[in-house]
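To convert, note that position 197 of the sequence shown is 197 in full-length UniProt numbering; the numbers rise steadily by one, no gaps.
Since the structure comes first, as structure tokens, the remarks are kept for the end.
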Amino acid sequence: MVEQHLATTGDPVDGVLAGLARACSRADRPAAGPAEPGTLAAVRVLDVGGGSGTRAVPLAVLGCSVTVVDASVNSLAILHRRAQDAGVADRVVGVQADADRLEAIAAPASIDLVLCHHLLEAVDDPAAVMGAVVRTVRPGGYVSILVAGRLGAVLGQTMAGRFEAARELLTGPDGRSGAADTLRRRFDVPGVRALVDSVGLQVESVSGVGVLVGLVSGVIRQAGPGGEADLAALEAAAGQHPELLHIAADLHVVARRPDGPA
């Protein structure tokens, strides 16, 4: 199991990414302890659809060399400013390209860690994107996949009183709430696992992000002296619970390319 170290942002997903980057590092460091800023210079990261760099820049702060691929020029401009502000512009490269056109950006089997966050919901062909992604990953390298959860959306629409939208999300083939839905699809756990399996990656872990926090009002959060901290601890446990994670707003899959010939 990959160690889950807290990253500088304190975000739970960033914590997992910091642990993955550390696991990929070729540097000779002690086995225990969190990744320190600037210590992971050997780790090569490809952030596909990474946009403005909310995940890429914290990894660059840890020392990783990060290439961000995004179709949006505006998002890449924000990435550049964010990297400059963090003092890591020399470790972050932004490339305007489509997610299924990675062969011109990264050599086959050359990347230690690929991020594919909130991308598969929006692309025309998720299988084609994942195929392009897996070709860039070295044997033993990791892929971090973050997707919108279908059942979490069903629960959210139901609690908001939008019952028809909830029914469409639940029963439709792609987890959408009609033609006006801004996403092309949402995933459940079996669906995202099947996609990962289909490209030859091994699932290391599946966790939920935003399982319970969205169900709790601000008034209730502030009701007790330890409200926010206790809720954060509860959310962390719920995200790892094998049943509760299915209703998360987002599903986070960590997968690994098997060792062997590239």
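In this text, a Cβ means the ideal position worked out from N, Cα and C, and glycines have one as well.
This one's a predicted model, so the numbers in the text were calculated from it and none came from an experiment.
- Take E168, set aside five residues on each side of it, and the residues of its chain with a beta-carbon closer than 8 Å to its own are R176, S177 and G178, in chain order.
- Between D250 and G152, the CB-CB gap stays under 9 Å.
- One alpha carbon belongs to M130, the other to G50, and they sit about 15 Å apart.
- In the DSSP annotation of this structure, T182 is not part of any beta strand (DSSP E), being labelled neither H nor E.
- The C-alpha of V73 lies about 23 Å from the C-alpha of I145.
- A residue is called buried once 16 or more other Cβ atoms fall within 10 Å of its Cβ, and G161, having fewer, is exposed.
- Partner residues in the beta bridge of Q202, as assigned by DSSP, are R256.
- Separation of R193 and P225 (C-alpha to C-alpha, rounded to the nearest whole angstrom) is 40 Å.
- Checking the DSSP bridge columns, you'll see F187 partnered with G149.
- Within a 10 Å sphere around the beta-carbon of G141 sit 16 or more other beta-carbons, which makes this residue buried.
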